[in-house]
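Just below is one structure, and these are the notes that go with it.
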Amino acid sequence: MSTDTPGIDPLQALRAPRDPACDVFLTGPVFLDIIFTGLDSAPVRGTESWARGMGSSPGGVANMATALARLGLRTSLAAAFGDDHYGEYCWDALEQGEGIDLSMSHTVPGWHSPVTVSMAYEGERTMVSHGHEAPAPTAAPAAAPAAAPAPAFPHCPPRARAAIASLAPGRSEPWVATAARNGAMVFADVGWDETGRWDLDALPDLAHCEAFLPNAEEAMRYTRTDCPRAAAHALAERVPLAVVTLGAEGAYAVDGRTGAAAAVPAIEVEALDPTGAGDVFVAGFVTGTLADWPLADRLAFAGLTAALSVQEFGGSLSAPGWAEVAAWWQLIRTCASQDPAALERYAFLDDLLPTTARAWPLRRAVPTIGFRQ
95 MSTDTPGIDP LQALRAPRDP ACDVFLTGPV FLDIIFTGLD SAPVRGTESW ARGMGSSPGG
155 VANMATALAR LGLRTSLAAA FGDDHYGEYC WDALEQGEGI DLSMSHTVPG WHSPVTVSMA
215 YEGERTMVSH GHEAPAPTAA PAAAPAAAPA PAFPHCPPRA RAAIASLAPG RSEPWVATAA
275 RNGAMVFADV GWDETGRWDL DALPDLAHCE AFLPNAEEAM RYTRTDCPRA AAHALAERVP
335 LAVVTLGAEG AYAVDGRTGA AAAVPAIEVE ALDPTGAGDV FVAGFVTGTL ADWPLADRLA
395 FAGLTAALSV QEFGGSLSAP GWAEVAAWWQ LIRTCASQDP AALERYAFLD DLLPTTARAW
455 PLRRAVPTIG FRQ
């Protein structure tokens, strides 16, 4: 995490003494990501390819956890970590480097960390992963202080303002309903339906969600519509907030409670690596929702943070903090080619950001396992 990130708390004006200590809770597998960049093309069978850049960082659910933490949200992650060097590196990078609460996480003796190798080229990526499902925790976290109690998750997730879930057909996670009953706003994304049925009723945890954020293809298949905007309106009949991401065309959202809709175009950038951009988008939208911003501002901020992330490589490596947002906002207002009306869409940033910021572009530190952070 950048040490020069302004200490911005987007929820400062809303915090009260009896509020949960945790802003956002999430769970899932943590991978060690090894990212190669600077490839001129996809690897060719039977040849050796040399990359001009490389980095490593925690991946998987750590992408979204890092994105949330860098935006100033108090983030709690429940995950399994291997007791190998990879697991130790990921734990330290998340807890010490990003300030993420890992009290619900645990180390699994004798279990090796899942690994993903990602190769970025021509604005796309190819990934190869390996791993085995982690056994359920049976004792206190191996990497936590000796006096720490055994983790209550998944039976009792921590009290939080929000929780993020990943839905899958035919699968229900009891912690989601518990989190919702305890007052958390549940935000959910969804993956590709390998069954081919695309049945919303097969997503039982959708009933507990405040917001559902599929991409355009997923939204249209689940709603049997041929237009992303029509899909968003159909989904808003099932959840209070339906957000459909449209890739290069931006995003569209519908508030099911009021019927209000908002559309925000994407920011045109030169994409280096799209890894983790969807996670960063969700983190930006969660931040704006918890801060009670207008719907269009939430979409704009989510799209901005996602656009900033694809200009860097890696998942958690690329997640922007307030320093990156402030530098971009300072730069973009000095560009003579910018349409003043388009800039007005991001005027809400003036009330959030410091009056001065570091010059763009910001050079990020690139973590690797071989060096101490």
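Quick note on our numbering: the sequence shown kicks off at 95 and runs consecutively.
Beta carbons are placed, not taken as given, at the ideal position from N, Cα and C, and that holds for glycine.
What you are looking at is a predicted structure, and each value in this text was computed from that prediction instead of being measured.
DSSP places ILE128 within a strand segment (E or B) once states are collapsed to three.
Annotation: SER403 to THR383 spans about 20 Å, alpha carbon to alpha carbon. For the options ARG265, SER260, VAL270, the alpha carbon positioned closest to that of CYS250 is the one of VAL270. Nearest to LEU340 by alpha-carbon distance, out of ARG392, SER151, GLU311, ALA278, is GLU311. By the 16-neighbour rule on beta-carbons within 10 angstroms, ASP293 is exposed.
Taking the CA atoms as reference points, LEU437 sits about 20 Å from PHE375. By the neighbour-count criterion, in which a residue is buried when 16 or more other Cβ atoms sit within 10 angstroms of its Cβ, TRP144 is exposed. Going by beta carbons, GLY191 and PRO208 fall outside the 8 Å limit. Secondary structure note for ALA278: it is in no alpha helix (DSSP H), with a DSSP letter that is neither H nor E.
Assignment of GLU364 by DSSP, reduced to helix, strand and coil, places it in the coil class. Counting the other CB atoms within 10 Å of its CB gives GLU331 a total below 16, which places it among the exposed residues. Exposed is the label assigned to CYS429, since fewer than 16 other Cβ atoms lie within 10 Å of its Cβ. Closest option to VAL363, judged by alpha-carbon separation, among ALA301, ILE102, LEU261, GLU406: GLU406.
For PRO334, same chain residues with a beta-carbon under 6 Å away, outside a window of 5 residues either side, are GLU304, GLY350, ARG351 in chain order. Excluding residues up to 5 positions away in sequence, CYS250, PRO251 lie with their Cβ nearer than 7 Å to the Cβ of THR272 in the same chain. Each residue's CA atom was taken as its position, placing PRO152 and ASP445 some 32 Å apart. Between ILE129 and ALA159, the gap from beta carbon to beta carbon reaches 8 Å or more. Residue pairing by DSSP places THR289 in no beta bridge whatsoever. When secondary structure is reduced to three states using DSSP, ILE194 falls in the coil class, being assigned neither helix nor strand. Taking C-alpha positions only, ARG112 is separated from PHE281 by approximately 22 Å. Under the three-state reduction of DSSP output, HIS327 falls in the helix class. In the structure shown, the three-state DSSP call for GLY153 is strand. Of all alpha-carbon atoms in ARG255, TYR440, ALA173, the one lying nearest the alpha-carbon of PRO123 is that of ALA173. By the C-beta density criterion, LEU443 is buried, having at least 16 other C-beta atoms within 10 angstroms.
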